[in-house]
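A.B. asks: Have a look at this one.
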Amino acid sequence: MKRYLLAALLPCALALPVHAQTTPKERPATEKLAPEDSEMKAVQTEMAAYGAWLVRLDAANQEATNELQNIQSEWRAAAKAPAAQAVARFRPVVARAKVKVAEARLRVRALDTPAFPALDLDADSSTPALVAQVLKLYDRIDMLLDSFGPMLTAMARNDAQATISAASQMLDAAQLLLDTQAILINAGLATADREMGSYQVGLLQVRIFQAASRSMGAAKLAMVGKQDPGLARDLERFATEIDAASREGKAVMTAKLAQWDVLTKTGDSDAVQVLRRTSAVLRVDLKLFDATPAYTAVLRATAAHARAGRLAIGDISAVSRAFGEIRNLINEISTQENAAMAGS
181 MKRYLLAALL PCALALPVHA QTTPKERPAT EKLAPEDSEM KAVQTEMAAY GAWLVRLDAA
241 NQEATNELQN IQSEWRAAAK APAAQAVARF RPVVARAKVK VAEARLRVRA LDTPAFPALD
301 LDADSSTPAL VAQVLKLYDR IDMLLDSFGP MLTAMARNDA QATISAASQM LDAAQLLLDT
361 QAILINAGLA TADREMGSYQ VGLLQVRIFQ AASRSMGAAK LAMVGKQDPG LARDLERFAT
421 EIDAASREGK AVMTAKLAQW DVLTKTGDSD AVQVLRRTSA VLRVDLKLFD ATPAYTAVLR
481 ATAAHARAGR LAIGDISAVS RAFGEIRNLI NEISTQENAA MAGS
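Numbering (the working numbering), first residue to last: 181 to 524.
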């Protein structure tokens, strides 16, 4: 049970830095595009530069991201051995992750933080704000990695009670990390553009992380054989809100792309180039809408078990795996968005 518990919770626990939507606000008129426009030339130039900066931010994070993503598979491999050997094999994995996070933190701190006035970025999408967000998340990830030590020690001693106590502390750290990520993304929703679909993408990410955090809270009860009376209601609400935001966002983006596809055939002005870059970002975002039904299906199945009083740690594991998959997709989308904005 102890090994299964750790394997079940790892995907949810290790939430990786995810950038909020950073698409510049819509500038060109939708009815016509001027062939030459100094403002659009500045937007076109700065959009490419901003995208290139985001690519550098991704590169600064990449080694840590890869290491954190590999932790679950490393544990599965280690867990094939007896408990003491499994723990001995896994401790260096956690230590290596700590090193990669420390190195990434230094690289992120060393990044320049240029301003892009022509893009009219929201405060949360400015380069200093994004650096601060990533650094805050790394602080939370460090706390989580530090919480692995007591749990591994308890497992090596075959101390069931100590394992449960340490697992509870690990879950607290995981919830804090997930909640921090949701708060950072949520901060940008007040100024996100519903007509561009960026609001819906941000709302999806917030609810996805909140649902994962909520399941972590229920896991603390499930691992001692207790039920969480409010879980079914909360997971069903998250699933409903995610589905609604996905439908709305996909409809908005699809309509906007159809409109822009016509306009981008009018030539190669700077305004057209801006639209082409922004269209490329929106096409990447559509992948998230297509992926949400699988996540909400797991949330509803888990809610059904909770409502029937049959919630088990295996249900939390299912949410954890589904979250891990969609979280990795969000990171992939972020990387692809940045490349599209940079024009690479």
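C-beta: ideal position from N, C-alpha, C; glycine also. Quick caveat: nothing in here was measured; it's all calculated off a predicted structure.
Per DSSP, what kind of secondary structure is residue 397 in: helix, strand or coil?
C.D. replies: Helix, per DSSP.
A.B. asks: Alpha carbon to alpha carbon, what distance is there between residue 520 and residue 318?
C.D. replies: Their backbone Cα atoms lie some 26 Å apart in a straight line.
A.B. asks: Restricting to runs no shorter than 4 residues, where is the alpha helix (DSSP H) found entirely within the region 302–383?
C.D. replies: Taking only runs of at least 4 residues, the alpha helix (DSSP H) segments lying wholly in the region 302–383 are 307–336 and 340–366.
A.B. asks: So, residue 491 versus residue 408, is the Cβ gap smaller than 8 Å?
C.D. replies: Their beta carbons are under 8 Å apart, which means residue 491 touches residue 408 by this criterion.
A.B. asks: Would you call the region 511–519 in contact with the region 423–440, where contact means no fewer than 3 C-beta pairs closer than 8 Å?
C.D. replies: No, the region 511–519 is not in contact with the region 423–440.
A.B. asks: Note the first and the last residue of the continuous alpha helix (DSSP H) segment covering residue 504.
C.D. replies: Looking at the DSSP string, the run of the alpha helix (DSSP H) that includes residue 504 is 493–522.
A.B. asks: At which residues does the alpha helix (DSSP H) containing residue 220 begin and terminate?
C.D. replies: Segment 218–258, the alpha helix (DSSP H) holding residue 220.
A.B. asks: By Cβ distance below 6 Å, which residues in the same chain neighbour residue 285 in space, the five residues on each side in sequence not counted?
C.D. replies: Around residue 285: 318.
A.B. asks: If you measure between the beta carbons of residue 309 and residue 303, is that distance less than 8 Å?
C.D. replies: For residue 309 and residue 303, yes; Cβs fall inside 8 Å.
A.B. asks: Under the rule that 16 or more other beta-carbon atoms within 10 Å means buried, what is residue 465, buried or exposed?
C.D. replies: It counts as buried.
A.B. asks: Is it true that the CB of residue 277 sits closer than 8 Å to the CB of residue 251?
C.D. replies: In this structure, residue 277 lies closer than 8 Å to residue 251 by Cβ.
A.B. asks: Rounded to whole angstroms, what is the Cα-Cα separation between residue 484 and residue 412?
C.D. replies: Straight-line Cα distance between these residues: approximately 7 Å.
A.B. asks: Take residue 201 and list the residues in its own chain whose beta-carbon comes closer than 7 Å to its own, dropping the five residues that flank it on each side.
C.D. replies: Unreliable positioning characterises residue 201 in this predicted model, as indicated by a pLDDT of 45, which lies under 50. A coordinate reading is not provided.
A.B. asks: Have a look at 320, 345 and 316 and flag the residue whose alpha-carbon is nearest the alpha-carbon of residue 330.
C.D. replies: Minimum Cα distance to residue 330 is reached at 345.
A.B. asks: Cα-Cα, which of 223, 334 and 399 is closest to residue 300?
C.D. replies: Checked all of 223, 334 and 399; the closest Cα to residue 300 is 223.
A.B. asks: Is residue 433 helix, strand or coil by DSSP?
C.D. replies: Reduced to three states, the DSSP call for residue 433 is helix.
A.B. asks: Look at residue 352 and residue 393 and say whether their C-beta atoms are less than 8 Å apart.
C.D. replies: Taking 8 Å as the Cβ cut-off, residue 352 and residue 393 do not qualify as a contacting pair.
A.B. asks: Anyone know if the C-beta pair for residue 496 and residue 471 falls short of 8 Å?
C.D. replies: In this structure, residue 471 does not lie closer than 8 Å to residue 496 by Cβ.
A.B. asks: Going by Cα to Cα distance, which pick from 438, 452, 486 and 475 is closest to residue 401?
C.D. replies: Answer by Cα proximity: 486.
A.B. asks: How would you label residue 439, buried or exposed, when you count the other beta carbons within 10 angstroms and need 16 or more for buried?
C.D. replies: Flag for residue 439 reads exposed.
A.B. asks: Let me make sure I understand the geometry here. Which of 245, 294, 259 and 254 has the alpha-carbon closest to that of residue 280?
C.D. replies: Ranking the options by Cα distance to residue 280, first place goes to 245.
A.B. asks: Taking the CB atoms as reference points, tell me whether residue 220 and residue 450 lie closer together than 8 Å.
C.D. replies: Yes, the pair counts as a contact, with Cβ atoms nearer than the cut-off.
A.B. asks: Taking Cβ positions, are residue 522 and residue 239 nearer each other than 8 Å?
C.D. replies: The answer is no: Cβ separation not under 8 Å.
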